[in-house]
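*Asks:* The structure that follows is given in the form of C-alpha cells.
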Amino acid sequence: MTTARKLTSNTIIQLGGKLVSVVLGLAVVALMTRALGAEGFGQYTTIVAFLQLAGILVDLGLTVTTGKTIAQGVYTEHKLLS
Numbered sequence: 001m002t003t004a005r006k007l008t009s010n011t012i013i014q015l016g017g018k019l020v021s022v023v024l025g026l027a028v029v030a031l032m033t034r035a036l037g038a039e040g041f042g043q044y045t046t047i048v049a050f051l052q053l054a055g056i057l058v059d060l061g062l063t064v065t066t067g068k069t070i071a072q073g074v075y076t077e078h079k080l081l082s
C-alpha cells in the first residue's frame, strides 16, 4: 500500500470515528435533556463544568511535568511516581 493510499485510508477512518463520536454525543445530549428537563440539564452541565475546572486546578501541570521528567531520563518512572 502506498503512502498516499495509507494516508487517505487513515484520514477516512479518523473522519468516520469523529462523525460517530459527534452523532453519539448529540444523541446523549438529546436523551439527557429529555430525561432531566431544561433546568436539570443546566444544573448537570454546571456541575460537570465545575468538576472539570477543579480537576485542572488540582493537576497544576503535574501530568505534563511528570511526562517531561520521565522523557528526559532524569528519574525512572518507578522512582518518580512512588
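Letter 40 of the sequence shown, counting from 1, is numbered 40 in our numbering, and no numbers are missing.
Ideal Cβ positions, reconstructed from N, Cα and C, are used throughout, including at glycine.
From a predicted model like this one, the values you see are computed outputs, not experimental measurements.
Using the three-state DSSP reduction, which class does T69 fall into: helix, strand or coil?
*Replies:* If DSSP states are grouped into helix, strand and coil, T69 belongs with the helices.
*Asks:* Express the C-alpha separation of G67 and Y124 in angstroms, rounding to a whole number.
*Replies:* Given a span of 1 to 82 for the chain in the structure shown, any question on residue 124 remains unanswerable.
*Asks:* At the level of alpha carbons, what is the spacing between M1 and T46?
*Replies:* Roughly 48 Å separates the two Cα atoms.
*Asks:* Which same chain residues, not among the five before or five after E77, have their C-beta less than 6 Å away from its C-beta?
*Replies:* Here the set comprises I70.
*Asks:* Alpha carbon to alpha carbon, how far is I13 from A35? Give it in angstroms, no decimals.
*Replies:* If I take the Cα positions, the gap works out to 33 Å.
*Asks:* Where does L1 fall in DSSP's three states?
*Replies:* For the sequence presented, residue 1 should be read as Met rather than Leu. DSSP places M1 in coil when its eight states are reduced to three.
*Asks:* By how many angstroms is the C-alpha of V64 removed from the C-alpha of A54?
*Replies:* Straight-line Cα distance between these residues: approximately 17 Å.
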